[in-house]
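K.L.:
Protein chains in written order, with UniProt numbering: chain A, 1 to 349; chain B, 1 to 283; chain C, 1 to 286.
#1: With 16 other CB atoms within 10 Å as the buried threshold, where does residue 158 of chain C fall?
#2: Which residues in the same chain as residue 216 of chain B place their Cβ atom closer than 8 Å to its Cβ, once the five residues preceding and following it in sequence are excluded?
#3: Does residue 201 of chain B have its Cβ less than 8 Å from a Cβ in chain C?
#4: Are at least three pairs of beta-carbons, each pair with one atom in the stretch 209 to 228 of chain A and one in the stretch 250 to 259 of chain A, less than 8 Å apart?
#5: At 4 residues or longer, what runs of the alpha helix (DSSP H) sit wholly inside the stretch 60 to 119 of chain C?
#6: Just to confirm my understanding: we take residue 259 of chain C, look at its own chain, exclude 5 residues before and 5 after, and list those with CB closer than 6 Å. What are they?
#7: Please go through the same chain and pick out, in chain order, the residues whose beta-carbon is closer than 7 Å to the beta-carbon of residue 181 of chain C, but skip the five residues on each side of it.
#8: Mind pulling the alpha helix (DSSP H) runs of 4 or more residues that sit fully within the stretch 26 to 76 of chain A?
#9: What are the boundary residues of the alpha helix (DSSP H) that includes residue 177 of chain A?
#10: Looking at the C-beta of residue 99 of chain A, does it have a partner C-beta in chain C at a distance below 8 Å?
#11: Flag residue 73 of chain A as yes if its beta-carbon sits less than 8 Å from any beta-carbon of chain C, otherwise no.
#12: Distance, Cα to Cα, residue 257 of chain B vs residue 239 of chain C?
#13: Are the CB atoms of residue 237 of chain A and residue 231 of chain A within a distance shorter than 8 Å?
#14: At 9 Å on the CB atoms, spell out the chain A contacts of residue 194 of chain C, in chain order.
#15: Pick out whichever of B:120, B:50, B:160 and B:114 has its Cα sitting closest to the Cα of residue 290 of chain B.
#16: Can you tell me whether residue 253 of chain C is buried or exposed? The criterion is at least 16 other CB atoms within 10 Å of its CB, across all chains shown.
#17: Do we get a CB-CB distance below 8 Å when we pair residue 87 of chain B with the residues of chain C?
#18: Quick one: list the residues of chain C neighbouring residue 31 of chain B, beta-carbon separation under 7 Å, in chain order.
#19: Short check: CB of residue 191 of chain C to CB of residue 102 of chain A, under 8 Å?
#20: So what does DSSP say about residue 195 of chain C, is it helix, strand or coil?
#21: In this structure, how does DSSP classify residue 157 of chain A when only helix, strand and coil are distinguished?
#22: Measure the C-alpha to C-alpha separation of residue 273 of chain C and residue 213 of chain C and round it to an integer number of angstroms.
#23: What would DSSP say about residue 180 of chain C, mapped onto helix, strand or coil?
#24: Assuming residue 141 of chain B and residue 229 of chain B make a contact with CB atoms under 8 Å, what is their CB distance in whole Å?
#25: With 16 as the cutoff for other CB atoms within 10 Å, does residue 266 of chain C come out buried or exposed?
#26: Indicate whether residue 254 of chain B and residue 31 of chain B have their beta-carbon atoms separated by less than 8 Å.
#27: Determine the DSSP secondary structure at residue 267 of chain B, reduced to helix, strand or coil.
#28: Taking the alpha carbon of residue 241 of chain A as the reference point, which residue from A:223, A:267, A:221 and A:247 has its own alpha carbon closest?
#29: Report the three-state DSSP secondary structure of residue 8 of chain B (helix, strand or coil).
#30: Which residue or residues does DSSP assign as beta-bridge partners of residue 286 of chain A?
#31: For the 8 Å Cβ check, are there 3 or more pairs between the stretch 107 to 114 of chain A and the stretch 72 to 91 of chain A?
#32: Is residue 317 of chain A helix, strand or coil when you go by DSSP?
#33: Would residue 242 of chain C count as contacting chain B if we go by Cβ distances under 8 Å?
#34: Which residues share a DSSP beta bridge with residue 214 of chain A?
#35: Is any beta-carbon of chain A found at less than 8 Å from that of residue 181 of chain C?
#36: Under 8 Å by Cβ, that's how I've got residue 155 of chain A and residue 77 of chain A pegged, so tell me the actual separation to the nearest angstrom.
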């Protein structure tokens with residue numbers, strides 16, 4: 001068990017700045033997800049923590065020990081790779097035992113620990129098989145068992161579920177959460193899948209363009225995004241951004257006046273699709289519906305507010321037809337205000 | 001990692017670089033130097049002796065003729081083989097294995113194998129005799145029958161080295177996605193058109209390397225020639241061997257070596273130019 | 001088939017039945033011709049090798065093995081120098097395998113795993129060897145080999161043969177190592193291995209079959225090489241050099257016996273590595 005301090009880490013590939021002074025503290029036993037689109041630097045950061053890449057400047061401190069200059073094997077961590085990296089020429093048992101063998105643990109100890117990790121991941125049945133005979137999901141379990149068997153201070157996971165099909169991914173996600181909660185290992189988990197990050201993590205660090213845009217609990221980053229990017233990246237449908245003009249602390253859309261945190265100027269109004277409700281009498285913010293998609297649990301309405309694209313979630317029983325103009329009511333407390341110039345959220349008035 | 005471990009790749013390639021420098025680059029320079037050195041410093045005396053030799057023009061002529069006949073036939077035959085093999089539904093592996101057996105056979109052994117067929121009391125004459133075409137053993141491989149000797153050498157070379165072209169072409173064919181040809185088929189292209197317009201252009205890089213490899217080796221040819229015709233059919237590499245080993249004249253041998261190298265490089269350059277593929281045209 | 005085209009309905013049905021099988025017949029006839037083309041000379045040289053003096057001069061010859069026995073082959077092997085030449089060939093080929101793998105595989109690994117300055121220059125050096133008739137470079141080495149005591153030794157021959165096999169080994173092992181995901185090594189590092197341990201425990205076992213194939217090709221390259229071996233040896237000849245030397249004066253059946261012994265291991269080796277043939281050559285010819 002250990003905490004991780006990532007201190008102003010910079011990484012450049014040629015002239016490309018993959019990480020620009022990234023700092024992050026992960027508490028002992030905490031599960032942090034690094035979430036972002038491809039190319040945002042999340043995998044690079046993870047590989048720097050693991051020691052597979054060398055940072056250009058900055059420090060990595062694990063459990064109070066500066067590991068910045070240490071080889072991966074000396075950092076006391078374990079990792080689950082995107083393609084599992086389960087060794088094809090070793091049995092499942094030998095794979096799970098690999099880290100223990102390198103630590104020169106006694107034979108009995110190896111057996112005991114492998115069996116415990118295998119039981120945790122439900123792979124006791126095929127310990128003597130070779131990975132080629134396993135399905136993707138089973139290999140995934142082997143990779144996780146191998147990582148947990150060494151009882152690492154820190155567990156790093158690089159998109160571990162991205163190669164599984166959708167159903168299996170959901171199943172593994174649930175199971176992973178249970179297993180890791182029981183193990184209580186400090187975990188950093190890289191993913192581009194927001195539902196994985198939301199479902200698994202204690203805190204999510206949303207990365208974009210080589211920096212961390214926001215770090216917070218899943219609910220925090222979802223409800224109060226710190227930047228335009230975070231709002232747009234999280235949620236399905238993503239947050240709507242409506243350009244409005246503020247004057248004397250209010251912004252007007254149609255007949256609706258909303259309290260605006262800035263005294264005046266251009267702002268963007270961030271509105272989650274499910275935070276707007278259809279007004280019964282057609283009053284409120286006018287919304288021109290262009291497409292209605294029944295999703296089962298809800299209706300997804302795509303249309304325009306004030307001539308700008310917006311997606312709104314409506315109850316499945318709502319009667320809305322394409323081409324119709326409906327009115328929306330919003331709770332001002334659930335709105336996000338973005339400074340149009342900086343893309344950063346502005347504190348609510 | 002890069003800054004900490006940047007010396008590793010250099011340490012890994014260093015032994016092979018040193019080795020190639022010692023046994024490839026140094027002899028290369030030595031050969032050129034040797035060929036230009038006479039009794040008193042730099043001179044063309046070795047080249048003059050080479051060009052003045054009776055066998056020289058014959059060796060040039062024979063080597064070129066052999067290359068010009070053998071290499072195109074090998075490529076064509078390999079293409080036919082590859083196409084036929086690709087049509088097979090079963091037995092493809094065994095067919096490929098049989099067709100590639102000559103890959104492991106040296107030119108000397110190939111010459112000897114064909115000698116068993118073509119010698120005076122060999123199987124060809126026996127067959128011709130059985131058919132009543134010839135009355136008794138006939139010599140095919142002597143100085144008096146230069147054309148049949150040439151044909152025999154060409155045959156043995158084609159027999160031996162078509163396999164390597166076949167392997168390179170099949171390796172290349174495996175890289176061409178089937179969809180291209182299938183798409184052409186859907187648009188109504190006939191098999192021959194598909195081959196000419198789709199397969200052949202995409203195969204160009206493989207053809208290029210096969211041609212370079214084969215041509216360079218064809219200018220080096222000599223053991224197959226010796227096995228079948230002795231010294232009756234002079235070729236460039238054979239002359240180099242004779243000057244070195246029998247006449248003990250290393251200078252003239254080096255001049256021959258430089259000539260062979262110059263021809264090989266010229267051929268390589270020609271192929272690289274004529275058959276160049278722009279990277280954006282690759283699938 | 002032209003006869004059936006006038007009949008309308010049943011003809012099309014019949015044609016769709018017969019055309020593929022007629023084609024298949026044609027295809028297999030063609031394949032049979034090609035097989036014969038490849039195999040018949042080997043068969044005849046084998047007959048010559050085991051037929052002895054009698055067999056060689058029999059006229060007219062039968063294509064069936066008539067006076068075949070192991071005696072002529074034994075006689076050939078008993079000739080002074082033959083066994084020694086065979087041994088020299090094996091030593092030279094064995095050393096070529098060792099040198100080309102030991103020198104080539106690390107280079108292949110470096111090319112596969114690292115991006116480094118000079119990488120393209122190195123690749124050019126390797127590819128450059130292909131545009132040169134390499135065996136001919138043995139010519140100037142005679143003098144320095146005499147001085148160094150390498151002349152007329154299988155070791156000296158193997159050095160030149162390594163020049164032939166090394167570029168091949170480097171390119172093939174490069175692609176071999178590229179086929180082994182870097183993640184395996186990284187996983188080994190994370191789980192406690194040094195770089196060397198990771199290579200030895202994870203990369204090596206996975207690369208072994210491909211390395212074996214590379215080794216076999218290196219062996220065949222050396223085993224078959226005639227020119228350099230003939231230039232660099234006098235007494236300690238390799239089998240190819242020996243056969244070339246005695247070509248003019250030895251009786252035919254000895255030549256055939258020698259030819260057959262040259263062919264045999266190569267054919268067996270090609271069979272052993274047939275699975276790798278196309279991968280290896282596809283790579284090496286890039």
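We put the CB at the ideal spot given by N, CA and C, even for glycine.
P.N.:
So, to answer that:
#1: So residue 158 of chain C counts as buried.
#2: Only 264, 267 and 268 meet the Cβ criterion.
#3: No - not a single Cβ of chain C is within 8 Å of the one on residue 201 of chain B.
#4: The stretch 209 to 228 of chain A, when compared against the stretch 250 to 259 of chain A, does not touch it at the 8 Å Cβ threshold.
#5: Listed in chain order, the complete alpha helix (DSSP H) runs (minimum 4 residues) inside the stretch 60 to 119 of chain C are 71 to 78 and 82 to 113.
#6: Result list for residue 259 of chain C: 45, in chain order.
#7: Excluding sequence neighbours, residue 181 of chain C sits near nothing in its chain.
#8: The qualifying runs are 42 to 50.
#9: The continuous alpha helix (DSSP H) containing residue 177 of chain A extends over residues 166 to 183.
#10: True, the Cβ-Cβ gap to chain C drops below 8 Å.
#11: Contact of residue 73 of chain A with chain C is assigned, a C-beta pair being separated by under 8 Å.
#12: Roughly 24 Å between the two C-alpha positions.
#13: No, these two residues do not count as a Cβ contact at 8 Å.
#14: Within chain A, 71 and 73 have C-beta atoms less than 9 Å from the C-beta of residue 194 of chain C, given in sequence order.
#15: Since the first residue shown for chain B is 1 and the last is 283, residue 290 of chain B is missing from the structure and cannot be characterised.
#16: With 16 or more other Cβ atoms within 10 Å, it is buried.
#17: Answer yes: the Cβ-Cβ gap between residue 87 of chain B and chain C drops below 8 Å somewhere.
#18: The answer, in chain order, is 137, 139 and 140.
#19: By the CB criterion at 8 Å, residue 191 of chain C and residue 102 of chain A fall inside the cutoff.
#20: Secondary structure at residue 195 of chain C: helix, using DSSP grouped into helix, strand and coil.
#21: Reduced to three states, the DSSP call for residue 157 of chain A is strand.
#22: Cα to Cα, residue 273 of chain C sits roughly 6 Å from residue 213 of chain C.
#23: It is coil, neither helix nor strand.
#24: The C-beta separation of residue 141 of chain B from residue 229 of chain B comes to about 5 Å, placing the pair in contact by the 8 Å criterion.
#25: By the neighbour-count rule (16 or more Cβ atoms within 10 Å), residue 266 of chain C is buried.
#26: The answer is yes: Cβ separation under 8 Å.
#27: Note: residue 267 of chain B maps to helix in three-state DSSP.
#28: The shortest CA-to-CA distance from residue 241 of chain A to any of A:223, A:267, A:221 and A:247 is the one to A:267.
#29: Helix, per DSSP.
#30: Bridge partners of residue 286 of chain A according to DSSP: A:327.
#31: Judged by Cβ distances under 8 Å, the stretch 107 to 114 of chain A makes no contact with the stretch 72 to 91 of chain A, as fewer than three pairs qualify.
#32: The answer is coil: DSSP assigns residue 317 of chain A none of H, G, I, E or B.
#33: So no, residue 242 of chain C is outside the interface.
#34: Assignment of beta-bridge partners to residue 214 of chain A by DSSP yields A:206.
#35: Yes, its Cβ sits closer than 8 Å to a Cβ of chain A.
#36: The C-beta distance from residue 155 of chain A to residue 77 of chain A rounds to 7 Å, short enough to fall under 8 Å.
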